[in-house]
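Remarks on the structure that follows.
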Amino acid sequence: KEGRRKAEGRQKEGRRKAEERQKEGRRKAEERQKKGRRKAEERQKKSRTAEERQKKSRRKAEETQKKGRRKEEEQQKEGRRTAEGRQKEGRRKAEEQQKNGRRKEEKQKKGRRTAEGRQKNSRRKAEEQQRILFI
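Shown next, in the form of structure tokens:
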């Protein structure tokens, strides 16, 4: 009897411990899941805020562009050309002239090259003729 009671007590204790272990395991698993969910939510929040920031900055940029365009249109309507505008125009014209000058030079170089090439060819032909005549 005594032995059986002790054995049953040990079994009960074993079952209780096993249940405790299972409970602990379940609790830990739940905690891990909660942590994962929390982290995922935080990531989503961060990405959302980043997207919102981008949207805001895009909107601001568009608004400033619109304002700038409106200002330009008003100035043009009034026929005002600022000193900066004139300077820009002057710079642009100067650059254009330089480009044109470079193009002209390149064309001239090409022309020179062909002229030199023609001279060389004619010289070579004349020398060949001389050789033929000598023979």
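Residue 1 is where the sequence shown starts when you use the UniProt record's numbering, and the numbers rise one by one after that.
For every residue, glycine included, the Cβ atom is placed at its ideal position computed from N, Cα and C.
Quantities reported herein were computed from a predicted structural model and do not represent experimental measurements.
Over what stretch of residues does the alpha helix (DSSP H) that includes Thr64 continue unbroken?
-> Here residue 64 refers to the residue found at position 64 when the sequence shown is read from its first residue. Judged by DSSP secondary structure, Thr64 falls within the alpha helix (DSSP H) whose first and last residues are 2 to 78.
With respect to the alpha helix (DSSP H) encompassing Thr114, which residues constitute its N-terminal and C-terminal limits?
-> Stepping through the sequence shown from its first residue, residue 114 is reached at position 114. For Thr114, the uninterrupted alpha helix (DSSP H) run begins and ends at 83 to 134, by DSSP.
Cα separation between Lys93 and Ala83?
-> Residue numbering aside, residue 93 sits at position 93 when the sequence shown is read from its first letter. Residue numbering aside, residue 83 sits at position 83 when the sequence shown is read from its first letter. Computed Cα separation, rounded: 15 Å.
Beta-carbon proximity list for Arg38, same chain, < 8 Å, skipping 5 on both sides | The residue given as residue 38 occupies position 38 in the sequence shown. Shown here for Arg38: not one same chain residue has a beta carbon closer than 8 Å to its own, the five before and five after excluded.
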